[in-house]
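In the working numbering, the protein residues as written are -8 to 578. Beta carbons: idealized from backbone N, C-alpha and C, even for Gly. Report on the following structure.
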Amino acid sequence: MNSKIFNLSNLDEGKTVTVYGWVEKVRDHGGVIFLDLRKDLEIIQVVIEPSEKEIFSVAENIKNEFVIEVSGLVRKRPKGTENIKMSTGEVEVCANKLNIFSKSKPLPFQLDEYSNAGEEIRLKYRYLDLRRPEMHENLIMRSEVSNSVRNFLVNKGFIDIDTPMMTKATPEGARDFLIPSRVNKGKFYALPQSPQLFKQLLMVSGFSKYFQIAKCFRDEDTRKDRQPEFTQIDIEMSFTSCEEIMNISENLIIELFKNILNVDLKRFPKITHKESMEKYGTDKPDLRNPIILHDVKDLFLDSDFKVFKDPANDKKSKLVAMKLKKDISRGQIDEYTKYVGNFGAKGLAYIKVNDVSDLKKGLQSPIVKFLSEKELESLVKKLDLKNGEVVFFGAGNKKIVFDSMGALRQKLAEDFDLIDKTSWKPLWITDFPMFDETLEGALTPSHHPFTKSLSTLDLLEKSPHQAISEAYDLVLNGFELGGGSMRIHDAEEQRKIFSILGISDEEAKQKFGFFLEALEYGCPPHGGIAFGLDRIVMLMANEDSIRDVIAFPKTQSALCLMTEAPDKISNAELEDLSIKSTFEEIE
RNA sequence: GGACCGGUAGUUCAGUUCUGGUUAGAACGCCGCCCUGUCACGGCGGAGGUCGCGGGUUCGAGCCCCGUCCGGUCCGCCA
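Have a look at this one:
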């Protein structure tokens, strides 16, 4: 069957055709009936005239979303009745045969462009929601992206290899989804959080260029850009370098945007993790946002205002300011104060600049009275403050200041419409710290425990906080599209990292023994990257959530409203798997 | 685990949050009748509601209070 059956080229005037599809719309004039017939993304108007007595009485009972087949003559519409809004609007099919394949009940929600159904009902009847052109187009774009990725990588000599979905639980990282084993009682497989170890083992196997469009599973709470199951474009290469991987990745993304959106992306700038945090307060900055953070520690080293002076003199603290060129109300400031509270900030200091020529009366703020004229003057100079601007301050614990100011920076830009929604601002973040510190003081890998460090083993052991990793993230418009690193290819080095992370030799052997052993049989230096396919398509399709580019997504509470998964299972099934539930239902 | 917003007809929403009070409204959809050139067709008529669920306060609750479920955004979490 030809999916382009409605194409104007197939609708030559005078030709007899058979068309089929869903009834998009019925317009029954009593004497003549018009049906809009939809298939794929095309629509053609069918006319049923009363002279066709047999089919006319059938047509009178046709409702929206019936699936029908119509044969008839293609003819030009009468002068003045053409519809310029339709690609097929100059012609119509005058039916002389009509067959109903399938009837439809009235739909639980309307599919037309004027209805605005909520997500709950759309997800329950997802198969209907997907009939809408917007959703259809998103999934078509997703297919085009996958296809483009595949072509690009295959042409570059990459080999597509798939890896197991039933694998071994990993101790680090996210929570695992587990699969009980019936045959091996009391034991569990896990769904992969990513193909990480397998792709590294494929390097050991001598496949120097690997890729896979892989499903990954992480049992963590969802966000608009995170689902418990998601798709990665997974890439790994041996005998390579950060530069080579970033270069290939960049070309891949550039090609995607060219092929699918016909957008020419410029080369991606690179900034270090440190620079990103200090300028934007985040490791995934939206460069469309013009606001930047300024370090103002040096202005307040000897201040009488303790709230500024203390962090200004403390290495573990930050004192930053950012300005907004907009008028802002007291109520809005209260809102933003509440907002930064979410990130642990105790307050939000601000100064409204009414008149820069008068530092006493021209600056409006509860904190101005604590600041000296000299301090205010240097602040005005440093931030180049102008009348009508407002300055916000973040002071205190480094993490809290970056988290709260970074988030506020983005919120202000969105609320005050400072972001050019039509532009694309990709960038690389490099030189990540090797480790992060938990609140309890333990070290965790900032990327993953197989990441190679630029620092010497000696430094790694003595001052792990200063160690820098050979890792890189690709960020686009404030979303982390992908990340990767060079990997450790030496068993000794890998053991050392495990030990710094507080993983005992015994545990390392039990969880990663197979992997450590593989590193002892000739492992090439290697590295790679993984991209979030869902996020890439979400941005390209201009959607706000990856749910809109996934055919059958989960809700925020990880439910599928259509199938009602997950669901209870019978005791018999549990018994078969040697599992007993400890969950007690409250009646 | 936590914060906030929402849940009223099939759908999208209104229902004077502080200030509870006869019969809970609108639009679209649906059903019936009419209509020969519409394309968000039109006209006339009609049906349709456990106000998410449970409890409480009150003479009286869609509205107030407590709990709970569902959807969303965010914090935590996401090597």
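Residue i and residue j closer than 8 Å at C-beta
i      : j      : result
Arg279 : Asp151 : no
Asp225 : Gln203 : yes
Ser294 : Leu367 : no
Ile319 : Val381 : yes
Ile59  : Ser240 : no
Thr79  : Ile46  : no
Val61  : Leu28  : yes
Tyr330 : Lys402 : yes
Arg173 : Asp464 : no
Leu354 : Lys314 : no
Pro544 : Gln218 : yes
Ile236 : Ser139 : no
Gly594 : Cys233 : The question about residue 594 has no answer here: the residues shown for the chain are numbered -8 through 578.
Tyr512 : Arg400 : no
Asp210 : Arg166 : yes
Ser572 : Lys176 : no
Ala556 : Leu130 : no
Asn74  : Val17  : no
Trp415 : Val298 : no
Val287 : Leu256 : no
Pro455 : Met425 : yes
Ala205 : Thr154 : yes
Asp289 : Gly469 : no
Residues bridged to residue i [DSSP beta-bridge criterion]
i      : result
Glu83  : Arg66
His285 : Ala312
Arg478 : Thr442
Met518 : In the sequence as displayed, the identity of residue 518 is Gly instead of Met. Answer is Met228, Met477, bridged to Gly518.
Glu60  : Tyr11, Asn90
Ser460 : Ser444
Phe221 : Cys207
Val29  : Here the sequence assigns Arg to residue 29, which means Val is not the residue at that position. Partner(s): Trp13, Ile34.
Gly387 : Lys309
Gln355 : Lys343
Ile541 : DSSP, once it has assigned bridges, lists no residue as partnering Ile541.
Contacts around residue i, its chain only, beta-carbon distance under 7 Å, and the 5 residues preceding and following it disregarded
i      : result
Ser199 : Met228, Ser229, Phe230
Asn304 : Leu292
Asp120 : Arg113, Met126
Glu471 : Lys275, Asp464
Pro171 : Phe179, Leu568, Ile570
Residue i versus residue j: straight-line alpha-carbon distance, rounded
i      : j      : result
Asp349 : Ala404 : 28 Å
Lys44  : Ser95  : 24 Å
Leu507 : Ala499 : 8 Å
Leu418 : Thr442 : 21 Å
Asp427 : Ala433 : 8 Å
Asp212 : Phe503 : 27 Å
Gln101 : Ala108 : 7 Å
Gln36  : Arg123 : 18 Å
Asp346 : Leu339 : 21 Å
Gly332 : Phe259 : 34 Å
Gly397 : Ile358 : 22 Å
Gly385 : Ser267 : 16 Å
Val195 : Asp216 : 33 Å
Thr72  : Trp13  : 23 Å
Ala312 : Thr429 : 27 Å
Thr413 : Leu451 : 43 Å
Lys365 : Lys316 : 23 Å
Asp406 : Ser395 : 16 Å
Gly5   : Ser48  : 25 Å
Arg214 : Pro515 : 37 Å
Gly387 : His285 : 14 Å
Ile537 : Cys551 : 15 Å
Phe522 : Gly475 : 9 Å
Ala563 : Ala482 : 45 Å
6 Å CB neighbourhood of residue i in its chain, flanking five on each side removed
i       : result
Asn(-7) : Its pLDDT being 37, under 50, Asn(-7) is placed unreliably by the model, and the measurement read from it follows with that caveat. So the list is empty, once near-sequence residues are dropped.
Leu2    : Val65, Val82
Asp422  : Thr263, His264, Ile459
Val371  : Val347
Chain-order list of residues whose beta-carbon lies under 8 Å from that of residue i (same chain, five-residue window excluded)
i      : result
Tyr327 : Leu339, Phe383, Leu399, Lys402, Leu403
Asp558 : none
For the stretch 433 to 444 against the stretch 460 to 468, are there 3 or more C-beta pairs whose distance is under 8 Å? yes
For the structure I just gave you, are there three or more beta carbon pairs, one from the stretch 501 to 519 and one from the stretch 101 to 116, closer than 8 Å? no
Three or more beta-carbon pairs under 8 Å between the stretch 233 to 248 and the stretch 131 to 144, yes or no? yes
Are the stretch 15 to 25 and the stretch 61 to 72 touching, with three or more C-beta to C-beta distances below 8 Å? no
Any contact between the stretch 166 to 185 and the stretch 526 to 540? By contact I mean 3 or more CB pairs, one from each, below 8 Å. no
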